[in-house]
Amino acid sequence: MSAFSKLTFIPRAARKVLRLTRATVAGHAFARRWKRVDVAPSVRGESTENALRTFFEARTTGRGIWKWEHYFDIYDRHFAKFVGRDVHLVEIGVYSGGSLDMWKSYLGERATIHGVDIEEACRAYDDGETHIHIGDQADRAFWRQFRKDVPQLDIVVDDGGHEPTQQIVTLEELLPHLRPGGVFLCEDSDGVHNAFIAYVTSLVKHLNAVELRPGALLATTPTAFQRAIYAVHFYPYVVVIERTNVSVEQFSAPKHGTEWQPFLG
14 MSAFSKLTFI
24 PRAARKVLRL
34 TRATVAGHAF
44 ARRWKRVDVA
54 PSVRGESTEN
64 ALRTFFEART
74 TGRGIWKWEH
84 YFDIYDRHFA
94 KFVGRDVHLV
104 EIGVYSGGSL
114 DMWKSYLGER
124 ATIHGVDIEE
134 ACRAYDDGET
144 HIHIGDQADR
154 AFWRQFRKDV
164 PQLDIVVDDG
174 GHEPTQQIVT
184 LEELLPHLRP
194 GGVFLCEDSD
204 GVHNAFIAYV
214 TSLVKHLNAV
224 ELRPGALLAT
234 TPTAFQRAIY
244 AVHFYPYVVV
254 IERTNVSVEQ
264 FSAPKHGTEW
274 QPFLG
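So this is what it looks like as structure tokens:
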């Protein structure tokens, strides 16, 4: 690139950043202004039949479970497809062990449950069916060893230290390790200016990358990221990322029909 090209490139990039910043500020303002109530609280569509919520509400004694109540519908939406299958789940943040019992009850006898915690006391929950791994979720060396010990993984529930730096390391180390169709769920990503949310938002931008091929067919070759990631979901305090079941080799928009308006050519 010539010196002149560099000089012309910088203002163009700056204008693009400014447009994105303006759009971000506008979206933030729109959400802050929102006051309308679209759906009555009694008919929000929450499932009345939710085995996870039932388990939670029935746990009046024994190992403790501590969850936001609206999480149970999110869990069920993304984990229901794994029920009764040979599935491998890891939850970061064991605490008092109750949620490990919940996952086993929900997913069924074929499920293999792993717990990760930094506290040695959590080894007490390793009973041969539930496997406990002691380590720091911000330690990449720990995750390298974990991946060797747990070569198959379908579900990640990050309920660990809740710091963005910890959540980002966990995502980077485990999301690529998930089997096709796997689900990564991070809890307690709260706060309007949350660094983990900003990180995941940048992933969404790459999910929308496009470089159209010349020709009559509207088509593009997916990036490696688009081949691997099916969807990114945001909920209050929760982020869910789904792996694709089958790698996508092409995104295309074919035309069907014979009658077309002339204004698009």
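First residue of the sequence shown? That's 14 in the numbering used here, and the numbers climb one at a time after it. Where a beta carbon is used, it is the ideal one built from N, C-alpha and C, also for glycine.
Query	Result
Cβ-based burial, L184 [other Cβ within 10 Å; buried from 16]	buried
Cβ-heavy atom distance, T214 to the ligand SAH, below 8 angstroms	This structure lacks the ligand SAH, and indeed carries no ligand of any kind.
Collapsed DSSP secondary structure at E176 in the structure displayed	coil
Three or more C-beta pairs below 8 angstroms linking the region 168-175 and the region 231-239	no
For G270, the three-state DSSP class (helix, strand or coil)	coil
Endpoints, the beta strand (DSSP E) within which G128 is located	125-130
Identity of the residues DSSP links to Y248 by a beta bridge	V251
Burial state of Q263, where buried means 16 or more other Cβ atoms lie within 10 Å	exposed
Nearest residue (CA-CA) to R90, options L277, R25, I254	I254
Per DSSP, cross-strand counterpart(s) of C199	D171, V252
The region 194-201 touching the region 79-98, judged by at least three CB pairs closer than 8 angstroms	yes
I210 and V163 closer than 9 angstroms at C-beta	no
Cβ distance (whole Å) where L231 is taken to contact S265 below 8 angstroms	7 angstroms
Cβ-based neighbour list, A208, same chain, cut-off 6 angstroms, excluding 5 preceding and 5 following	P177
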